[in-house]
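Here our numbering is used: the first residue of the sequence shown is 3, the next is one more, and so on.
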Amino acid sequence: MSWKKDEDGDELGALMSIDKSAVLQEARIFNESPIRPRQCRLLLAKLMYLIQRGDTLSTTEATELFFSITKLFQNKDYLKSPFLLDLSFQMPLRQMVYYAIKELSEISQDVIMVTSSLMKDMQPKSDDMYRAKAIRALCKITDISMLPGIERFIKSAIVDKNQAISSSALVSSYHLYGRARDIIRRWSGEVQEVLSGKSNSSGLSFFSSASSSPITNGIEQYHALGMLYTLKQNDRMAVAKIVQNFGSGSRGGWDIKNPLAHVLLIRYAMKVMSNDPSLFNTLCSMLEEWVRYRSEIVSLEAARAICSFESAPQKLVSSAVSSLQSFLSSSKAAVRFGAIRTLDSLALKNPKAVQPCNMDMETLVSDNCRPVATLAITALLKTGNETSVDRLMKVMQGFLTEISDEFRTIVANAVQNLCVKFPQKHAIFLTFLSGALRDEGGYAFKKSIVDAIIGLAKTVEECRETALRHLCEFIEDCEFSRLSVHVLHFLGVEGPATSMPSVYIRHIYNRVVLENPQVRAAAVLALAKFGSAPQADGKLRNSIQVLLKRCLDDRDDEVRDRAVWALRFIQNDSKRTRYMRDDSTYSMQALENRLVDYLADSTNRFKEPVSITSIPKISREQEIKQKTIISESQGTPLLSNTNTLAKSGASEISSPAIFSQPAATATNEEALSELKSVHEFESFGDVLVSSQTSVELTEPETEYTVLLYKHIYPKHIVFQFRCTNTLNENKLEQVYVDITCNDESLEESLSPVSVVPIDELNFNEPKSSFVAFERINQDEESSEIDSNVIVGGFECELKFKVFECAPATGEKLDPEDTGFEEEYSLEPFELTESDYILASYISNWKDVWDSLGGSDGVEASETVEAFRFPSFTSLQNCVDNVAQVLGMYPATNSDLHPTNKVAHQAVLMGLFMGKTQIIVRARMTFAKDNGATLDLCVRCQDPSIRELVVALIA
3 MSWKKDEDGD ELGALMSIDK SAVLQEARIF NESPIRPRQC RLLLAKLMYL
53 IQRGDTLSTT EATELFFSIT KLFQNKDYLK SPFLLDLSFQ MPLRQMVYYA
103 IKELSEISQD VIMVTSSLMK DMQPKSDDMY RAKAIRALCK ITDISMLPGI
153 ERFIKSAIVD KNQAISSSAL VSSYHLYGRA RDIIRRWSGE VQEVLSGKSN
203 SSGLSFFSSA SSSPITNGIE QYHALGMLYT LKQNDRMAVA KIVQNFGSGS
253 RGGWDIKNPL AHVLLIRYAM KVMSNDPSLF NTLCSMLEEW VRYRSEIVSL
303 EAARAICSFE SAPQKLVSSA VSSLQSFLSS SKAAVRFGAI RTLDSLALKN
353 PKAVQPCNMD METLVSDNCR PVATLAITAL LKTGNETSVD RLMKVMQGFL
403 TEISDEFRTI VANAVQNLCV KFPQKHAIFL TFLSGALRDE GGYAFKKSIV
453 DAIIGLAKTV EECRETALRH LCEFIEDCEF SRLSVHVLHF LGVEGPATSM
503 PSVYIRHIYN RVVLENPQVR AAAVLALAKF GSAPQADGKL RNSIQVLLKR
553 CLDDRDDEVR DRAVWALRFI QNDSKRTRYM RDDSTYSMQA LENRLVDYLA
603 DSTNRFKEPV SITSIPKISR EQEIKQKTII SESQGTPLLS NTNTLAKSGA
653 SEISSPAIFS QPAATATNEE ALSELKSVHE FESFGDVLVS SQTSVELTEP
703 ETEYTVLLYK HIYPKHIVFQ FRCTNTLNEN KLEQVYVDIT CNDESLEESL
753 SPVSVVPIDE LNFNEPKSSF VAFERINQDE ESSEIDSNVI VGGFECELKF
803 KVFECAPATG EKLDPEDTGF EEEYSLEPFE LTESDYILAS YISNWKDVWD
853 SLGGSDGVEA SETVEAFRFP SFTSLQNCVD NVAQVLGMYP ATNSDLHPTN
903 KVAHQAVLMG LFMGKTQIIV RARMTFAKDN GATLDLCVRC QDPSIRELVV
953 ALIA
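See below:
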C-alpha cells in the first residue's frame, strides 16, 4: 500500500494542526453508504487524538458522534485478498469503533443503545478477533442492572481457551468489581480455574504462536491472580492460602507459567510474611526457590523482596546477593540496572552482605549505560573500605560531567554519607565537592553538594574553616537565591567561632552590595550574628555596626528593617542573648492552635493576654529535622512511650523503640482539632499536656484500628480513641470505648464524667471517641505531687452497632435494619508519670542547669541515681530506651546518636504539667561483658518531681 506523505514532512505538526470543528464536519462520512473503511479509520484516529489531546466535546456533540459511529457495525471489514489468510491482517475498523465507543461513553447519553451490537460480537460464535474487544467495550458501558443478563457470557469468556478473550474478561471483571462486588464474587471459581491452568487455555491468541513472548505467554494467569487477590484481600487467611497453594512447587505452584504472575505472587507473599509471622519460615523457603527461577524478572523480584525485608535470615540474603551478582554480567542493560539498584539499596543498611560483589560492581563503573555506572559507584561508596575511597573519588571526578542531574544528585548524596563514614578523608571529599560546585548543574544537584559540605563541616572540626571558604567562593557566583540564603545562614552560625571571622564578613557584605533583596536580607542577619557572637570584641562589633548602618539606606524595606533590628539589640548583652543567640523557637503548629482557640473564645477574648506557657519549645536545628521527618513519614503510626525500664537489669523493654520524632509535633494535629470541637470539654480549661505519640491498641491490619491519645487538664483526664473502619461492606454507629480500671485505687482517684461516642463511622474515614475522667483527689494548690499524678492500667473494649452497606456508595442495604451490637477487644494501656510531662526545649537550659546546681551554701536541687542494665547489647540501645521512657526533648540531635561506643552523655528537657522545668543529664557507659550502666541526674526545684522522673526508670 502506498502512502502519501505530508507536504511539510512533519507528521507531528499535521496532528497538532487538527481542528475539532473540521473533524466534526468530516464525521458525516460515517452516515454514507457504502461505508469507506479506510477513511473512517483515519477519521476515528483523528477524533481519538483530539480527545487524548484534551479537547472537550459537549454532550450533544458526543452523543451525535456516538450514534454515527455505531452505524459502522454494518461493515464487514475484511481484506478480500487470497494472499492474506491470517486474521491478524484484517483491517481494524471494528477495533477503532470499539475504542471510540469506550472513550465517548463517559460524555455521551443513551450509550446503552449499542449494547445489542456489542453482545452480538461477544457471542462464542463470533470472530475471536472482535470478541475480546467487544467484552471490554460492553463492560465499560453496561449498567449494573444489566450485568446479570450477560453474566454467563463473561464467565464463559473467563475460562475461554483464547488468552486474549480470557484476559479481556478478567480485566473487565476487575473494573466492574467496585460497582458490583456481590456479582463478581460469584466468579471466583472461574478465576481460580484459569489460575490453576485447568481451563485448557492454549496460551495463544489470534496472533501466531511465533509472536508470543515469555511475558505475554499465559498472561491470563497474571490477570487471574490479581483478580483473585482483589476478591480475597480482606480475608488474610485466604490470601495466605493463595500464596501457599500457588507458590509451593509440591502443591502445583509451578502451574503458574507467566513471569508477571510470579512477580505478583512474590509481592503477596511479602504481605503475608509481614502479617503472619507463623508462615515466615515456609515463605522464606519459597522465596529462596524463586531466587533461582528460570525467568530473570522473577528472580530479580524475589531478590528485591528479600533485600527489602528487615528481618530476612542471613542465609537468604546471601542467596539473593549471589543471584544478583550473576545478573551484573548480563548482556541486558535493564537486568544489570535492576540488579545494581537492588544491591545499592541493600548496601545502605547491610553493606557487609554486598561486599562480595565489589569486584563485579567495579567492572560496571565503565558501563555504557550511565545509570548503571552511577548506581555501581554509589554502591561501592557504601560498601568500600578506606583504601578504595581515593580510587573511587578519582573515577567520579570525570564521571559527573557525563551523567544527568538526577544521577549526579545520587552521587552527591552517596559522598555525603561517605563523609560521615570516613571523616579522616575530609581533604579528598572537600576537593571533590568544591570541584562539583564549579560544574554546571541544577538546583537539586547544587543543594546536595552544599548539604554535603555543611555536613562535613559540622562533623569534622579540622576542615570547618576550609569548608567555609569553599562556601564563600560558591556564593560569589551562585545562581540560586535559596542556596545563597542557606549558605549565609550557615556562615552566620559557624563563622563567628573561627580564628579569622573578618575573612567571611567580607564575602557576606559583598552580598549586601551585589545581590537581590532576598539574599541581601539574609546577609544583614548573618552580619548581625557576627556582631552579637560572644567571641566578637569591641573593634569587630563596631565594624559590624558601620556595615549595618550602610544598610539603612537600602531600597528594600525588609533589608532596612533587619538592619534597624540588629542595630537596636547589638549593643545590649541581655537582648543579644535573648533575640540573636537564642537557638529555640516555639512549635508553630501548637502556637497556631492556641491562637485559634484564643480568638474562638468569645467570652474571654481580649480580656486577658494569650498564654503561651504551655507551648513547647524546640531548637532551630530540630525544627528543620522535624519537618523533614514528618514529610517523609506522614501517616505512619507513632510509637508509644509507655514502656518502662527495669532497674538493675531485672528485665528489659520488650520492644525498644527509637525516639525518632521530636515530641513537639508528634501529637496528631487532626486529633487535637477533634478534641477542641467537643463542647463537653470546654469547662475543663486549657490542655496542659497532650500525649506526644499515639498508642496503638490494635494491629494495623485488623478490621478496626484504634489509636489512643491522652490529654491532661488541670482537674481532668481525657482519653481520645481515634477509630478507623477498614471494611467497606460495614457501617458502624454509636461507636465508643468501654474503659475499666485495673486497680481499685484508680477507681477511687478517677470519676467518669462523660463518654462521647462516634455517631457514624464509614469506611476509611477516621473519627474520634472520647472518655473523660475527673481526678477526685486532685488539689491544684497542694504541693504533693502524688495527689496530682494518677497512674495505672486500664482495660478497654470497642463497642458499636454494625450495619451492612453498599461498598460503592456506603449507604445501608436495608434502611429499616436496626443493626446488631458487637464488641471488639483492644489492647490494655497505661497512664504513666511521663504522660504528665510536656516535652519542651528550654532555650537557656545551661543557665537553668547551673542555677539549680547550688552555690554559695545553697543546696543543689538535684537527685542522682545509678542503674545497671546487663541485658543491653549496645550504648545506642540504652540511649533509645532512656529517651523513649522519659519522653523528653533532647538538647541537641547528637544526644540521641552516640558517636562513642563506650561512653555517652545525653541532656533531656521537659515541663511538668506544662509549668515546672525539668532537666535530666544521663551519663551512660557500655562494656560488652557487663552491659550498660546509667548515671541519672535530675535537676528540678520540686524534689517530688525529681523522684517522679527517677521512678520512670526504676
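The beta carbon of each residue, even a glycine, is placed where N, CA and C say it ideally should be.
This one's a predicted model, so the numbers in the text were calculated from it and none came from an experiment.
Three-state class that DSSP yields for THR927 in the structure shown: Taking the first residue of the sequence shown as 1, we reach residue 927 at position 925. In the structure shown, THR927 sits in a strand (DSSP, three-state: E or B).
For LEU950, which three-state DSSP category applies? Working through the sequence shown from its first residue, we reach residue 950 at position 948. If DSSP states are grouped into helix, strand and coil, LEU950 belongs with the helices.
Restricting to Cα atoms, I'd like to know which of LEU46, ALA602, VAL791, ILE244 is closest to HIS264. Position 262 of the sequence shown, counting from 1, holds the residue named residue 264. Answer by Cα proximity: ILE244.
Name the one or two DSSP bridge partners that ARG393 has. On the sequence shown, position 391 is the one that residue 393 refers to. Answer is none; ARG393 lacks a bridge partner.
Residue(s) in a DSSP beta bridge with MET911: In the sequence shown, residue 911 corresponds to position 909, counting from 1. TYR891, ILE921, per the DSSP bridge assignment.
For THR411, is the classification buried or exposed, using 16 other Cβ atoms within 10 angstroms of its Cβ as the cut-off for buried? For the purposes of this step, residue 411 is taken as residue 409 along the sequence shown, with counting starting at 1. Buried.
What distance in whole Å lies between the Cβ atoms of ILE947 and THR918, which are believed to be in contact at a cut-off of 8 Å? As a working mapping, residue 918 is identified with position 916 in the sequence shown. As a working mapping, residue 947 is identified with position 945 in the sequence shown. Confirmed, about 6 Å.
Please report the distance separating the alpha-carbon of MET275 from that of LEU289. Numbered from its first residue, the sequence shown carries residue 275 at position 273. Numbered from its first residue, the sequence shown carries residue 289 at position 287. Their Cα atoms are separated by approximately 11 Å.
Could you tell me if PRO702 is buried or exposed, where buried requires 16 or more neighbouring beta carbons within 10 angstroms of its beta carbon? For this step, residue 702 is matched to residue 700 along the sequence shown. Exposed, by the Cβ-count rule.
According to the Cβ coordinates, are VAL196 and GLU222 closer than 7 Å? Within the sequence shown, numbered from 1, the residue matching residue 196 stands at position 194. Within the sequence shown, numbered from 1, the residue matching residue 222 stands at position 220. Cβ atoms of VAL196 and GLU222: closer than 7 Å.
Please list, in chain order, all residues of the same chain as ILE299 whose beta carbon is under 7 Å from its beta carbon, the five residues on each side excluded. On the sequence shown, position 297 is the one that residue 299 refers to. Same-chain partners within the cutoff: PRO261, VAL265.
Taking 8 Å as the threshold, find out whether the segment 549 to 565 comes into contact with the segment 586 to 601 through three or more Cβ pairs. no
Going straight from the alpha carbon of SER320 to that of VAL337, what length do you get? Along the sequence shown, read from residue 1 onward, the residue named residue 320 stands at position 318. Along the sequence shown, read from residue 1 onward, the residue named residue 337 stands at position 335. In a straight line, the C-alpha of SER320 is about 19 Å away from that of VAL337.
Going by other Cβ atoms of all chains shown within 10 Å of its Cβ, with 16 needed for buried, is ALA136 buried or exposed? Counting from one through the sequence shown, the residue named residue 136 turns up at place 134. Under this definition ALA136 is a buried residue.
Would you call the segment 695 to 710 in contact with the segment 903 to 920, where contact means no fewer than 3 C-beta pairs closer than 8 Å? no
Considering only the beta carbon of each residue, do ALA841 and TYR891 sit closer than 7 Å? For the purposes of this step, residue 841 is identified with residue 839 of the sequence shown, where counting begins at 1. For the purposes of this step, residue 891 is identified with residue 889 of the sequence shown, where counting begins at 1. In this structure, TYR891 lies closer than 7 Å to ALA841 by Cβ.
Using the Cβ count rule (16 or more neighbours within 10 Å means buried), how would you classify ASN2? A question about residue 2 goes unanswered here, because the residues of the chain that appear run from 3 up to 956.
Buried/exposed call for MET115, threshold 16 Cβ in 10 Å: Taking the sequence shown and counting its residues from 1, one reaches residue 115 at position 113. It is exposed - the Cβ of MET115 has fewer than 16 other Cβ atoms within 10 Å.
Looking only at DSSP bridge pairs, what is TYR826 linked to? As a working mapping, residue 826 is identified with position 824 in the sequence shown. Paired residue(s): LEU800.
According to DSSP, residues forming a beta bridge with ALA868: As a working note, residue 868 is residue 866 in the sequence shown. DSSP, once it has assigned bridges, lists ASP937 as partnering ALA868.
Which term fits HIS428, buried or exposed, when burial requires 16 or more other beta carbons within 10 angstroms of its beta carbon? The residue given as residue 428 occupies position 426 in the sequence shown. By the neighbour-count rule (16 or more Cβ atoms within 10 Å), HIS428 is buried.
Does DSSP classify TYR588 as helix, strand or coil? Here residue 588 corresponds to residue number 586 of the sequence shown, with the count starting at 1. Here TYR588 sits in strand by DSSP.
May I ask you to report which of helix, strand or coil DSSP gives GLY220? Taking the sequence shown and counting its residues from 1, one reaches residue 220 at position 218. GLY220: coil per DSSP, three-state reduction.
Please work out which residues of its chain come closer than 7 Å, Cβ to Cβ, to TYR132, disregarding the five sequence neighbours upstream and downstream, and give them in chain order. Within the sequence shown, the letter at position 130 stands for residue 132. Correct list, in chain order: ARG96, ASP123.
Does the segment 744 to 754 come close enough to the segment 720 to 730 that 3 or more CB-CB pairs lie under 8 Å? no
Going by other Cβ atoms of all chains shown within 10 Å of its Cβ, with 16 needed for buried, is TYR445 buried or exposed? For the purposes of this step, residue 445 is taken as residue 443 along the sequence shown, with counting starting at 1. Exposed: under 16 other Cβ atoms inside 10 Å.
In three-state terms, what does DSSP make of HIS899? Locating residue 899 in the sequence shown gives position 897, where the first residue counts as 1. It is coil, neither helix nor strand.
Continuous alpha helix (DSSP H) stretch holding PRO503: start and end: Taking the sequence shown and counting its residues from 1, one reaches residue 503 at position 501. PRO503 -> alpha helix (DSSP H) spans 503 to 516.
Have a look at THR385, PHE447, LYS531 and flag the residue whose alpha-carbon is nearest the alpha-carbon of PRO353. Your numbering for residue 353 matches position 351 in the sequence shown. When each option's Cα is compared against that of PRO353, the closest is THR385.
Contact belief for LEU456 with LEU435 at Cβ below 8 Å, rounded distance in angstroms: Within the sequence shown, numbered from 1, the residue matching residue 456 stands at position 454. Within the sequence shown, numbered from 1, the residue matching residue 435 stands at position 433. For the sequence presented, residue 456 should be read as Ile rather than Leu. Not a contact, Cβ separation roughly 10 Å.
At the level of alpha carbons, what is the spacing between GLU824 and PHE683? As a working mapping, residue 824 is identified with position 822 in the sequence shown. As a working mapping, residue 683 is identified with position 681 in the sequence shown. Spanning the two alpha carbons is a distance of roughly 28 Å.
In chain order, what are the residue ranges of uninterrupted alpha helix (DSSP H) at least 4 long that sit wholly in the segment 112 to 159? 117 to 123, 130 to 143
Looking at ALA958: is its Cβ nearer than 7 Å to the Cβ of LEU490? Since the first residue of the chain shown is 3 and the last is 956, residue 958 is not available in this structure.
By how many angstroms is the C-alpha of GLU312 removed from the C-alpha of LEU493? Numbered from 1 along the sequence shown, position 491 holds the residue referred to as residue 493. Numbered from 1 along the sequence shown, position 310 holds the residue referred to as residue 312. C-alpha separation (whole angstroms): 40 Å.
Beta-carbon spacing of PHE772, GLN722 below 7 Å: In the sequence shown, counting from the first residue as 1, residue 772 sits at position 770. In the sequence shown, counting from the first residue as 1, residue 722 sits at position 720. Yes.
Going by alpha carbons, who is nearest to ASN512 out of GLN547, CYS474, PRO498? Within the sequence shown, residue 512 is the residue found at index 510, counting from 1. Looking at the Cα atoms, CYS474 is the closest of the given residues.
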